[in-house]
Amino acid sequence: MKNFNWDNPYPTIRAPLFARNVVSTSHPLAAQAGLRMLLKGGNAIDAAIAAAATITLCEPVSCGLGSDCFAIVWDGKQLHGLNSSGVAPAAWSIEYFKRKYGTGPDGLAKQPKRGWDSVTVPGAVAGWAALHEKFGKLPFEQLFEPSIEIAERGYAVPPIVARKWDAAAAELKDQPGFAQAFMPNGRAPAVGEHFRLPEAAWTLRRIAASKGRDYYEGEIAEKIAAYSKECGGAMTLDDLRNYRPDWVKPISRSYRGYEVHEIPPNGQGIAALMALGILEKFDVAGLALDSVQSQHLQIEAMKLAFADLYKYVADPRSMDVTPAQMLDDAYLASRARLISMDRATAFAAGRPHAGGTIYMSAADESGMMVSFIQSNYMGFGSGVVVPGTGISLQNRGVGFSMDPQAANVVKGGHRPFHTIIPGFLTRGGKPVMSFGVMGGDMQPQGHLQTVVRMLDYHQNPQAACCAPRWKVNRDFTVDLESTMPAATLEGLKNLGHVLKSVNDPYMDFGSGQFIWRMSEDDNELGYVAASDSRRDGQAVGF
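Residues in the sequence shown are numbered from 626 upward in steps of one, following this note's numbering.
Structural data, given as structure tokens:
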């Protein structure tokens, strides 16, 4: 058992949860849906699927029945990775967007942020089915009982979700189907107001009965394709019918005697591994916890990783470097040498040597653990809701580039650069922790900051989760959470960091869920779980 410091120096209403069976999500009803499956004799996979289906209703600002998902699973013997992110409709190309939307001042095709031409084929439902087929224990239909009940009977909208819902409504009210589904009474629901989405119950029943295939080749698919055609979108029944998720081998990087695992590109998990590989060249633990120097070093490592991430990562078929090249120890050592402890630096991409949201976690007493994440991307995704189905569609197409020279250039049938990433920690090949942090490009940064806190500074998972965070933006400015000490802010500013203080923890600084195994060898000792107070979530167990 790791010798954590169980004190929590940060203001919080959360305490660690200890149990032999655990579900941790960003909404209590979703966590309890997963727990119901464990109480029925199901396993961690059953719990994760039930929670995932439920949270599409309870936190629709972050995910829906038109989401994508990824997972890392410890089955008791080894790790498995699942990439269930969607692919572009076959018709998409640079010329498609140029023809419909023209070009911008940079000469590149314009790209919509919302609407049908931001929607790739949704992968989440196929991911649920694939996980259940390989690992599930309970009947598939049983996993949807909680979500169907909530769709039909409704629930009281919690505070954080209500605030984000209201913020999104003004922008999305004119998107096809949005207002009818998500603006009852012509507005977003208020805190504590009852919300129902009965059309989703119809969809969930068909998903449950068909093990997900109706979504891609049955009546659900026909409704999606017909609405796409009606609204001038490119997605067809063939695009849906041809979609399959991919089982992949997780990529990994050692850090302080542990192995950190991520899903390989098209996702950004590799950035967390690169930043940790750079940090391992420094004595981080020798710097004071929460000190200017510790935060500066982590920020600079993250900037170096992002410089390479944004240049090289795409659908693996389009990348001209491999993940192994990007994670090469000698290459990361050369990148580490670029860091100055005396000043902030604007790093360019390197050249690797030749030789690429909601989060939830569940673990059961058999030792099975699942790190699972799904997302519609920007709040409510595309804003498009398919009538009669309750399906709100993601806008992951925004992740493509319109630059014909970019590795991540838009192409029919290809996956875009993706932000959502599940994480997993092992030691000596044995399972230690399933974890993740939601929130766009905050995700690898959240992985980095929380792992450093737990492994370098021995903070327990809940304290690591509650600690103030920073976020590096694409222009290398740095957002600081409002709870960051003023002395740290001033110290970073003096080193040349261009800082912003942001008071929106929901998106800007992510939200994490962590399940740490108390013993690598004894299942009876169970787990300790943490749930982030930046959302309405909860860790539950028995």
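C-beta atoms are modelled at their ideal positions from N, C-alpha and C, and glycine is treated no differently.
Going along the chain, which unbroken runs of the alpha helix (DSSP H) with 4 or more residues stay wholly within the stretch 682–752? 719–726
Helix, strand or coil: which one does DSSP assign to Arg645? coil
Going by C-alpha to C-alpha distance, which of Lys874, Gly1006 and Lys936 sits closest to Pro977? Lys936
Inter-stretch contact (C-beta, 8 Å, three-pair minimum) for the stretch 816–835 and the stretch 716–736: no
For Trp872, which residues does DSSP report across the bridge? Leu707
C-alpha gap between Gln703 and Asp1147, whole angstroms: 16 Å
N- and C-terminal bounds of the beta strand (DSSP E) containing Thr1051: Gly1048 to Arg1052
Going by the DSSP bridge assignment, what does Ala1154 pair with across the sheet? Leu642 and Ile1140
Among Arg812, Ile903, Pro1047 and Val1123, which one has its Cα closest to the Cα of Met1063? Pro1047
Pro1069 and Gln950: beta carbons closer than 7 Å? no
When you compare the CB positions of Ala713 and Ile773, do they come within less than 7 Å of one another, or not? no
Can you tell me whether Lys1055 is helix, strand or coil according to DSSP? strand
Any contact of the stretch 1087–1101 with the stretch 1135–1149, i.e. 3+ C-beta pairs under 8 Å? yes
Within-7 Å CB hit, Pro747 to chain B: Absent from the structure is chain B; it holds one protein chain and no more.
For Ile638, does the count of other Cβ atoms within 10 angstroms reach 16, so buried, or fall short, so exposed? exposed
Residues that DSSP places opposite Ala815 in a beta bridge: Answer by DSSP bridge pairing: none, since Ala815 is not bridged.
For Gly1008 versus Leu797, is the C-beta distance shorter than 7 Å? yes
Candidates Pro1029, Ala644, Arg778 and Met1067, of which the one nearest Leu1105 by Cα: Met1067
Can you tell me which residues form a DSSP beta bridge with Asp1104? Lys1096 and Lys1125
Count the other CB atoms within 10 Å of the CB of Lys620; is the residue buried (16 or more) or exposed (fewer)? Summary: the structure shown does not reach residue 620, with the chain confined to residues 626 through 1167, and so no result is reported for it.
Quick one: what does DSSP say Gln893 is sitting in, helix, strand or coil? coil
C-alpha distance - Gln1163 paired with Pro1086, whole-angstrom precision: 14 Å
Going by C-alpha distance, which of Val1103, Val995 and Ser743 is nearest Gln920? Val1103
Roughly how many whole angstroms lie between the Cα atoms of Ile895 and Leu1073? 11 Å
With DSSP as the reference, label Gly911 as helix, strand or coil. helix
Residue ranges of each alpha helix (DSSP H) within the stretch 760–810, 4 or longer: 770–778, 784–797 and 803–807
With distance defined between alpha-carbon atoms, name the residue in Ser710, Gly1054 and Met994 nearest to Gly667. Met994
If Ala715 and Asp863 are in contact, beta carbons under 8 Å, what's the gap, nearest whole angstrom? 7 Å
Express the C-alpha separation of Ile964 and Ala696 in angstroms, rounding to a whole number. 33 Å
Whole angstroms is fine: what's the gap from Gly1116's alpha carbon to Phe1101's? 17 Å
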